[in-house]
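First comes the structure, then the notes that go with it.
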Amino acid sequence: TVSTTTSGPPSPTSTASTTASPPSMSTSPVTVTTSGVTETQSTTKATTSGPTHSGTTPHSTTIVTGTGSPMSTSGSRSTSTILTAVSIMTSGPSSIGSAASTTLSPPSVSTEPMPVTTSGTTPTAPFTTTSGTTSRNFTTITATTTLSTSEIVSSVSASTSWPTATSSSVTIGGSESWWICDCIKAICIEDTVIQVVPVICNPPPKPTCANGLSPVQVIDEDGCCWHWECDCYCTGWGDPHYMTFDGLYYSYQGNCTYILVEEIYKKVDNFGVYIDNYHCDPRNVVSCPRTLIVRHETQEVRMATVKPNTLQVEVTVNKQAVALPYKKFGLSIYESGINRVVEIPELKMNVTYNGLSFSIRMPYSLFGNNTHGQCGTCNNNTADDCMLPNGNIAENCETMADHWQVVDPSKPQCSPGLIPTKAPSTIPTQPCKESSICELLLGSLFEPCHGFVQPEKYYAACIFDSCVLPNLDLECSSLQTYAATCADQSVCIDWRSHTNGVCSYKCPSDKEYRACGPIKEITCKSRQQNETSTKQVEGCFCPNGTMLYDSGVDVCVKTCGCVGVDKIPREFGEKFTVDCQDCIC
Numbered sequence: 001t002v003s004t005t006t007s008g009p010p011s012p013t014s015t016a017s018t019t020a021s022p023p024s025m026s027t028s029p030v031t032v033t034t035s036g037v038t039e040t041q042s043t044t045k046a047t048t049s050g051p052t053h054s055g056t057t058p059h060s061t062t063i064v065t066g067t068g069s070p071m072s073t074s075g076s077r078s079t080s081t082i083l084t085a086v087s088i089m090t091s092g093p094s095s096i097g098s099a100a101s102t103t104l105s106p107p108s109v110s111t112e113p114m115p116v117t118t119s120g121t122t123p124t125a126p127f128t129t130t131s132g133t134t135s136r137n138f139t140t141i142t143a144t145t146t147l148s149t150s151e152i153v154s155s156v157s158a159s160t161s162w163p164t165a166t167s168s169s170v171t172i173g174g175s176e177s178w179w180i181c182d183c184i185k186a187i188c189i190e191d192t193v194i195q196v197v198p199v200i201c202n203p204p205p206k207p208t209c210a211n212g213l214s215p216v217q218v219i220d221e222d223g224c225c226w227h228w229e230c231d232c233y234c235t236g237w238g239d240p241h242y243m244t245f246d247g248l249y250y251s252y253q254g255n256c257t258y259i260l261v262e263e264i265y266k267k268v269d270n271f272g273v274y275i276d277n278y279h280c281d282p283r284n285v286v287s288c289p290r291t292l293i294v295r296h297e298t299q300e301v302r303m304a305t306v307k308p309n310t311l312q313v314e315v316t317v318n319k320q321a322v323a324l325p326y327k328k329f330g331l332s333i334y335e336s337g338i339n340r341v342v343e344i345p346e347l348k349m350n351v352t353y354n355g356l357s358f359s360i361r362m363p364y365s366l367f368g369n370n371t372h373g374q375c376g377t378c379n380n381n382t383a384d385d386c387m388l389p390n391g392n393i394a395e396n397c398e399t400m401a402d403h404w405q406v407v408d409p410s411k412p413q414c415s416p417g418l419i420p421t422k423a424p425s426t427i428p429t430q431p432c433k434e435s436s437i438c439e440l441l442l443g444s445l446f447e448p449c450h451g452f453v454q455p456e457k458y459y460a461a462c463i464f465d466s467c468v469l470p471n472l473d474l475e476c477s478s479l480q481t482y483a484a485t486c487a488d489q490s491v492c493i494d495w496r497s498h499t500n501g502v503c504s505y506k507c508p509s510d511k512e513y514r515a516c517g518p519i520k521e522i523t524c525k526s527r528q529q530n531e532t533s534t535k536q537v538e539g540c541f542c543p544n545g546t547m548l549y550d551s552g553v554d555v556c557v558k559t560c561g562c563v564g565v566d567k568i569p570r571e572f573g574e575k576f577t578v579d580c581q582d583c584i585c
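Quick look at the structure:
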């Protein structure tokens with residue numbers, strides 16, 4: 001004896017409910033509209049096949065489907081839509097682990113159309129396609145569940161329109177849980193009870209980062225909620241001064257090539273950032289950065305200062321000069337204002353260099369507690385920033401820095417691994433006339449940034465540079481680095497015009513200087529893209545009313561037509577002659 005009952009709360013799109021029991025049974029063809037695809041389901045035959053056992057317990061399955069994105073559980077994928085709860089009762093064996101196939105056949109069948117509109121459903125039964133219309137005829141009802149589900153318990157109130165769903169093709173056991181759709185989870189409470197729970201996100205308290213910078217919001221792995229993290233941000237400037245990932249400040253005057261950052265436990269193949277320092281004064285007392293080196297897998301990028309104490313930088317990849325922008329093998333290099341930027345999207349990190357200063361930004365989620373070198377250990381704690389290669393902590397970072405030398409054939413005097421014959425000396429403070437430029441850091445000009453980045457360490461570096469190297473104007477690098485760090489925190493300061501020309505920056509005749517320009521300048525090709533970043537950078541940009549033709553063609557144009565080898569912008573349809581050739585744009 002077989003009875004089939006359709007019951008449950010009516011769907012908003014349902015117009016009929018059908019109850020059927022032999023010998024007279026009525027079934028309703030279901031018309032399903034799916035994004036332009038119509039599915040027609042009609043029961044054509046119902047007979048009982050297979051062995052019938054007396055005394056067996058009726059097998060009951062309740063299936064509730066819900067709208068949402070595809071659900072993935074144990075390798076299966078199901079897309080469902082809320083229709084109605086359908087309860088199918090069959091007498092016969094209800095064995096776990098075997099799929100029962102039951103065919104129902106009443107003597108007479110009457111049909112009534114019952115239109116149902118859904119969105120996002122995926123047909124899984126055999127079907128034929130004609131001019132974008134999908135139709136299918138079911139001849140059997142096949143139970144593929146290996147464990148019956150008899151009850152759905154939802155923790156959402158009736159007034160809430162949260163979808164609930166189960167998949168009849170998934171084996172559910174134990175305390176298994178899976179995602180139904182965006183931020184809605186199904187939890188198996190016990191064998192026959194499934195609870196549907198929406199994820200509710202409570203904003204976490206905002207932490208204080210040891211490096212003094214603002215924490216960043218990072219999306220959780222489930223894609224629903226977010227948490228705070230303190231990015232690993234290391235900078236170096238001047239002769240040179242360092243700020244570790246956790247914000248510890250020190251100066252170091254070595255003239256070898258050093259590890260700025262490498263992984264303690266190697267997760268990325270051939271990864272590291274290195275700096276090549278050299279003595280930049282006649283007395284060989286202080287050092288300046290000369291080349292910044294980034295290694296990632298098969299590529300080695302070198303950003304080298306062309307002329308000492310300038311912002312002129314050339315870029316090579318594997319010892320070959322490259323034009324910017326450059327993008328290959330998961331690594332991109334481009335110009336951003338006065339900076340050259342190496343970006344590795346897979347690692348969510350970037351390295352900038354402009355000849356006077358550098359910065360390294362890496363996500364804590366990928367590099368937290370797994371960095372060492374002159375930039376220290378990124379763990380939001382300055383206590384272990386002066387860590388040596390053997391894991392011990394040095395008494396100060398000036399001593400630590402000397403231990404991070406690497407082999408450089410161009411510097412035979414440098415011997416990695418050897419303890420220095422004498423501790424690196426710091427220049428004694430001598431009475432000198434402090435540069436008035438340094439006072440700008442503590443004054444009203446930079447005051448809007450004081451709440452985001454503390455200026456005292458940059459001020460100390462500025463005084464140091466102005467006293468030790470008064471003729472090199474290196475104090476400008478302290479202001480430049482502080483301003484860049486402020487800009488990274490979305491606070492832009494126009495400071496060069498307040499230095500009486502000492503720290504002025506000259507642009508080409510077709511460009512104009514801006515202290516607060518876009519990180520990536522708009523071009524004819526990229527103008528359709530929406531740039532939402534609030535961070536800005538200083539540099540030379542196209543005047544108002546013009547835009548860059550292309551990131552690789554450094555020509556400012558009023559209209560986006562053509563730019564030929566003569567670098568002269570032309571409008572569409574314009575005729576011109578180049579090298580005795582008649583041309584048209």
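In my numbering, the protein residues as written are 1 to 585. Ideal Cβ placement from N, Cα and C applies to all residues, glycine included. A quick note: this is a predicted structure, and the numbers were derived from the prediction, not measured.
- If you draw a 10 Å sphere on the C-beta of GLY517, you find 16 or more other C-beta atoms in it, and that means buried.
- Note that the C-beta distance between CYS397 and ASP246 is not below 9 angstroms.
- For ASP510, same chain residues with a beta-carbon under 7 angstroms away, outside a window of 5 residues either side, are CYS556 in chain order.
- Annotation for ILE463: the continuous alpha helix (DSSP H) segment containing it runs 456-468.
- DSSP lists THR577 as the bridge partner or partners of ASP582.
- Assignment of ALA383 by DSSP, reduced to helix, strand and coil, places it in the helix class.
- For VAL565, same chain residues with a beta-carbon under 8 angstroms away, outside a window of 5 residues either side, are VAL578 in chain order.
- Of SER214, TYR250, ASP550 and ARG570, the smallest CA-CA separation from CYS524 is found for ASP550.
- Between ASN202 and the set ASP220, VAL286 and LYS328, the nearest pair of CA atoms involves ASP220.
- Contact between the segment 491-504 and the segment 439-452 is present: three or more C-beta pairs spanning the two stretches fall below 8 angstroms.
- For CYS375, no beta strand (DSSP E) segment is defined, and its DSSP state is neither H nor E.
- Per DSSP, the unbroken beta strand (DSSP E) holding GLN299 starts and ends at 299-305.
- Taking the Cα of PRO207 as reference, the smallest distance to any Cα among VAL216, ILE200 and VAL199 is reached at VAL216.
- In this chain, the alpha helix (DSSP H) harbouring TYR482 covers 475-488.
- Inter-residue distance for ASP182 and GLU176 is about 18 angstroms (C-alpha atoms, whole angstroms).
- A residue is called buried once 16 or more other Cβ atoms fall within 10 Å of its Cβ, and THR298, having fewer, is exposed.
- A residue is called buried once 16 or more other Cβ atoms fall within 10 Å of its Cβ, and GLN413, having fewer, is exposed.
- Of the candidates ALA186, PRO205 and ASP191, the residue whose Cα lies closest to the Cα of PRO198 is ALA186.
- GLY355 sits buried, since 16 or more C-beta atoms from the chains shown fall within 10 Å of its C-beta.
- Closest option to ASN255, judged by alpha-carbon separation, among THR244, CYS230, VAL285 and GLN312: VAL285.
- For the pair VAL301 and LEU260, the CB atoms are not nearer than the 9 angstroms cut-off.
- Counting along the chain, the unbroken alpha helix (DSSP H) around ILE437 starts and ends at 436-439.
- Contact between the segment 432-442 and the segment 476-492 is present: three or more C-beta pairs spanning the two stretches fall below 8 angstroms.
- The Cβ atoms of ASP239 and LEU388 lie no closer than 9 angstroms to each other.
- Burial is judged here by how many other beta carbons sit within 10 angstroms of a residue's own beta carbon; GLY223 has fewer than 16 and is exposed.
- Secondary structure of HIS403 (DSSP, three-state): coil.
- For LYS348 against PRO325, the beta-carbon gap comes to about 19 angstroms, at or over 8 angstroms, which does not count as contact.
- Counting only residues of its own chain and dropping the five nearest sequence neighbours on each side, TYR278 has a CB closer than 8 angstroms to the CB of ASN255, SER287, CYS288 and ARG290.
- Judged by DSSP in its simplified three-state form, CYS562 adopts strand.
- Our two residues, VAL268 and GLY391, have alpha carbons roughly 20 angstroms apart in a direct line.
- In this structure, TYR242 keeps its C-beta atom at 9 angstroms or more from the C-beta atom of TYR233.
- Residue nearest to CYS230 within the set VAL218, TRP178 and SER410 is VAL218 (criterion: CA-CA distance).
- The continuous alpha helix (DSSP H) containing TYR364 extends over residues 364-367.
- When beta bridges are read from the DSSP output, CYS232 appears opposite MET362.
- The secondary-structure analysis by DSSP pairs PHE541 across a beta bridge with GLU512.
- Note: TYR252 is not bridge-paired with any residue in the DSSP secondary-structure output.
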